[in-house]
Amino acid sequence: MASSGADFSLLTAAETEALLLSLRVSAVAVAGALPLALAAALLLSHRGFPGRALLEGILHLPLALPPVVIGYLLLILLGPREPLGAWLIAHLGIQFAFSWTGAALASGLITLPLQYRAIRLSLQAQESGLAEAAATLGAGPFDRLLNITLPLALPGIVAGAVIAFAASIGEFGAIITFVSNIPGETRTLPLAIYTAIQQPGGEAEAARLSALSIGLALFGVMLAAIAERRLRMETEA
Amino acid sequence: MSLEVSLRHRLGTFFLDAAFSVERRGITALFGASGAGKTTIINAIAGLLHPKTGRIVLDGEVVTDTASGVFVPARRRRTGYVFQNARLFSHLSVEKNLLFGWRRAARRLPKQDCEEILDLLGLAPLLARRPERLSGGEKGRVALGRALLASPRLLLLDEPLAALDAPRKAEILPYLERLRDRARIPMIYVTHATDEVSRLADDLIVIESGRVAAQGSVFDLLSDPQFGALVPSPGAVFPARIEKHREDGLTVLRFDGGALLVPRLHRPAGTRLRVRLRADEVMLARKAPEAISANNVLESEVITIPAGSDPHADIRLLCGQLKFVSRITRASIERLGLAPGQRVFAIIKSVTIDPQLGA
Numbered sequence: 090m091a092s093s094g095a096d097f098s099l100l101t102a103a104e105t106e107a108l109l110l111s112l113r114v115s116a117v118a119v120a121g122a123l124p125l126a127l128a129a130a131l132l133l134s135h136r137g138f139p140g141r142a143l144l145e146g147i148l149h150l151p152l153a154l155p156p157v158v159i160g161y162l163l164l165i166l167l168g169p170r171e172p173l174g175a176w177l178i179a180h181l182g183i184q185f186a187f188s189w190t191g192a193a194l195a196s197g198l199i200t201l202p203l204q205y206r207a208i209r210l211s212l213q214a215q216e217s218g219l220a221e222a223a224a225t226l227g228a229g230p231f232d233r234l235l236n237i238t239l240p241l242a243l244p245g246i247v248a249g250a251v252i253a254f255a256a257s258i259g260e261f262g263a264i265i266t267f268v269s270n271i272p273g274e275t276r277t278l279p280l281a282i283y284t285a286i287q288q289p290g291g292e293a294e295a296a297r298l299s300a301l302s303i304g305l306a307l308f309g310v311m312l313a314a315i316a317e318r319r320l321r322m323e324t325e326a
Numbered sequence: 003m004s005l006e007v008s009l010r011h012r013l014g015t016f017f018l019d020a021a022f023s024v025e026r027r028g029i030t031a032l033f034g035a036s037g038a039g040k041t042t043i044i045n046a047i048a049g050l051l052h053p054k055t056g057r058i059v060l061d062g063e064v065v066t067d068t069a070s071g072v073f074v075p076a077r078r079r080r081t082g083y084v085f086q087n088a089r090l091f092s093h094l095s096v097e098k099n100l101l102f103g104w105r106r107a108a109r110r111l112p113k114q115d116c117e118e119i120l121d122l123l124g125l126a127p128l129l130a131r132r133p134e135r136l137s138g139g140e141k142g143r144v145a146l147g148r149a150l151l152a153s154p155r156l157l158l159l160d161e162p163l164a165a166l167d168a169p170r171k172a173e174i175l176p177y178l179e180r181l182r183d184r185a186r187i188p189m190i191y192v193t194h195a196t197d198e199v200s201r202l203a204d205d206l207i208v209i210e211s212g213r214v215a216a217q218g219s220v221f222d223l224l225s226d227p228q229f230g231a232l233v234p235s236p237g238a239v240f241p242a243r244i245e246k247h248r249e250d251g252l253t254v255l256r257f258d259g260g261a262l263l264v265p266r267l268h269r270p271a272g273t274r275l276r277v278r279l280r281a282d283e284v285m286l287a288r289k290a291p292e293a294i295s296a297n298n299v300l301e302s303e304v305i306t307i308p309a310g311s312d313p314h315a316d317i318r319l320l321c322g323q324l325k326f327v328s329r330i331t332r333a334s335i336e337r338l339g340l341a342p343g344q345r346v347f348a349i350i351k352s353v354t355i356d357p358q359l360g361a
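Taken in order, these protein sequences are the chains called A and B.
All residue numbers for the first sequence refer to our numbering, where the first residue is 90 and numbers rise by one.
All residue numbers for the second sequence refer to our numbering, where the first residue is 3 and numbers rise by one.
Spelled out as structure tokens, the structure:
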């Protein structure tokens with residue numbers, strides 16, 4: 090399927106554009122969602138947190154909902170003619186609909202549970218009482234977070250970010266619903282593949298872009314596996 | 003240094019209601035069965051537990067007082083804590099673990115004192131290692147050093163030996179003894195092991211289902227048959243001093259009220275030691291025994307013979323100032339016609355000697 094070598098090595102300008110856009114959208118999506126995922130995981134790892142089960146459910150919702158539904162919800166919330174969308178454009182100059190930032194927002198939202206789960210697991214795997222030990226040694230709450238909890242959770246944070254990045258590269262439904270399929274603006278790799286398949290004679294392009302996606306996904310999943318293995322080694326020690 | 007503790011706290015169905023005070027340095031053992039509330043007490047002292055009602059005064063500073071709403075956070079109490087499973091920071095080297103509290107101390111321990119602690123605990127060869135590359139005993143020593151370098155005014159130890167097998171225990175016990183004798187800070191030592199109490203503790207607080215059942219010096223309490231039920235192998239623990247080494251290979255140990263002959267100890271005359279005498283190693287005779295192999299016969303007075311239906315009884319004896327215990331059968335008591343106030347001859351089969359540098 091991967092066609093001939095000459096075809097594969099030469100990406101057209103439009104294809105390169107789709108690839109770079111995908112990388113940009115995913116990087117912004119992961120970077121934007123990470124602080125949220127981290128804050129949620131830290132808050133919900135406290136046993137006494139009120140409404141923990143409900144919040145946990147809401148955080149996992151993007152995993153269970155069809156991405157099209159997420160895209161549709163974003164559209165009716167942040168569309169340029171909707172109150173919140175119009176307000177954001179008027180007062181902050183931020184337009185999500187039909188822009189690459191909207192694609193990043195949708196991807197970030199959909200991959201948030203992946204980051205949250207990875208961080209949460211790494212916090213749970215930490216030997217209990219290390220923060221208490223640090224407290225008896227004179228460390229305050231922020232000191233403990235910065236020097237004990239976060240460094241120990243780092244492999245989980247990295248693993249979560251990498252797997253969320255890989256998943257984000259493949260996001261299709263929410264993006265096409267929310268920000269449409271605009272070349273150079275919102276046409277990421279999956280959307281470019283979809284477009285190529287729709288056109289007569291676009292099979293070669295679709296195959297090239299698919300191979301590229303497979304390569305990217307493999308690379309990302311392998312990175313995540315390496316980060317996770319490091320995490321497991323540290324907690325078993 | 004002084005510590006006053008008075009606590010009432012409920013944990014599930016368990017109720018803790020304990021009050022005691024500690025006035026001196028050395029090791030005070032909080033002794034009792036698992037689940038008696040020992041760890042809850044030291045967690046409250048460290049500020050890791052907020053008691054329902056209670057008051058804790060450390061060196062004149064009120065650190066917990068529920069009546070007036072005072073609760074000094076753990077990080078400002080300067081109470082060192084050695085946890086049962088060491089709780090070393092796995093992402094930091096041994097050296098960084100050790101310096102964690104030192105760096106955060108308001109007044110940092112001088113370099114010379116730090117080196118003394120490293121030396122005392124044999125930590126210098128471990129500094130570059132990661133915690134996962136340490137044995138159980140080494141982890142315990144690093145945890146001790148880490149707590150001490152933060153220059154605490156009180157050191158709390160929660161069963162530091164309980165998770166270790168016998169050889170690891172034997173490896174770390176001498177370090178604890180040296181610490182007791184050289185460190186200038188008092189220690190509260192939580193344990194349910196009698197051998198640790200008799201070997202390490204100066205004072206003993208017996209905790210029974212959340213309450214203080216007894217408090218006193220180890221030398222007094224361990225020879226009190228009343229605690230036979232609490233202490234699995236009662237006996238006596240007492241301080242002694244090497245008087246001289248005899249030419250026949252024996253060493254004379256002088257204690258308050260008498261002397262013991264033991265096989266040659268390789269320590270200079272004048273060295274102070276702690277002697278442990280188990281109740282089942284002491285036989286009794288009404289008349290001075292003749293032609294026996296035992297080297298040590300202490301002429302003593304019977305103080306009490308506890309009543310009961312056990313086949314054995316722990317008889318409390320006094321020789322000079324030394325209180326000790328002999329465990330013999332009730333049949334023997336009857337045959338010898340023993341009664342309080344009588345003179346008897348206690349035949350000592352063997353004793354255990356532990357180093358006691360200070361005290």
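All C-beta atoms, glycine included, are put in the ideal place defined by N, C-alpha and C.
Because the structure is a prediction, the values reported are computed rather than measured.
- Its chain contains Arg278 as the residues whose beta carbon lies nearer than 6 angstroms to that of B/Thr354, once the 5 sequence neighbours on both sides are disregarded; these appear in chain order.
- Segment contact: the region 269 to 288 of chain A against the region 214 to 226 of chain A, fewer than three CB-CB distances shorter than 8 angstroms; contact not assigned.
- Closer than 8 angstroms at the C-beta level to chain A, one finds these residues of the region 30 to 52 of chain B: Ala48, Gly49 and Leu50.
- If you compare the alpha carbons of B/Ile44, B/Lys54 and B/Ser4 with that of B/Gly14, the shortest gap goes to B/Lys54.
- Every beta strand (DSSP E) stretch that sits fully inside the region 188 to 249 of chain B and reaches 3 residues is listed by chain position as 189 to 193, 205 to 210, 213 to 219 and 237 to 247.
- The residue among A/Leu148, A/Ala195, A/Pro240 and A/Ile237 with its C-alpha nearest the C-alpha of A/Leu166 is A/Ala195.
- By the CB criterion at 7 angstroms, A/Ala256 and A/Gly160 fall outside the cutoff.
- Contact residues of the region 90 to 102 of chain B toward chain A are Phe91, Ser92, His93 and Phe102 (C-beta to C-beta distance below 7 angstroms).
- In this structure B/Ile294 is exposed. Its beta-carbon is surrounded by fewer than 16 other beta-carbon atoms within 10 angstroms.
- For A/His149, the uninterrupted alpha helix (DSSP H) segment begins and ends at Arg141 to Ala153.
- Counting only residues of its own chain and dropping the five nearest sequence neighbours on each side, B/Leu51 has a CB closer than 8 angstroms to the CB of His11, Thr42 and Asn45.
- It is roughly 12 angstroms from the alpha-carbon of B/Pro265 to the alpha-carbon of B/Asn298.
- The straight-line gap separating the alpha-carbon atoms of B/Ala35 and B/Glu210 is approximately 7 angstroms.
- In chain A, no part has a C-beta under 9 angstroms from the C-beta of B/Tyr191; the shortest such distance is about 16 angstroms.
- Scanning B/Ser8, B/Met3 and B/Thr30 for the CA closest to the CA of B/Ala21 turns up B/Ser8.
- According to DSSP, B/Asp356 shares a beta bridge with B/Arg276.
- Per the C-alpha coordinates, the member of B/Pro270, B/Ala290, B/Thr273 and B/Asp183 positioned closest to B/Val346 is B/Ala290.
- Exposure of B/Ser311 is indicated by the presence of fewer than 16 other C-beta atoms within 10 angstroms of its C-beta.
- Secondary structure in the region 137 to 170 of chain B: the beta strand (DSSP E) runs of 3 residues or longer, each lying completely within the stretch, are 156 to 160 in chain order.
- Within chain B, the residues Phe91 have their CB atoms less than 7 angstroms from the CB of A/Ile237, given in chain order.
- Look at B/Ala88 here: in three-state DSSP terms it is coil, with no helix or strand label.
- Closer than 8 angstroms at the C-beta level to chain B, one finds these residues of the region 212 to 224 of chain A: Glu216, Gly218, Leu219, Glu221, Ala222, Ala223 and Ala224.
- Taking CB atoms only, B/Arg106 has a neighbour in chain A less than 7 angstroms away.
- Here the C-alpha atom of A/Glu292 lies approximately 25 angstroms from the C-alpha atom of A/Ser115.
- Around B/Arg12, no beta-carbon contact reaches into chain A at under 9 angstroms, the shortest distance being about 17 angstroms.
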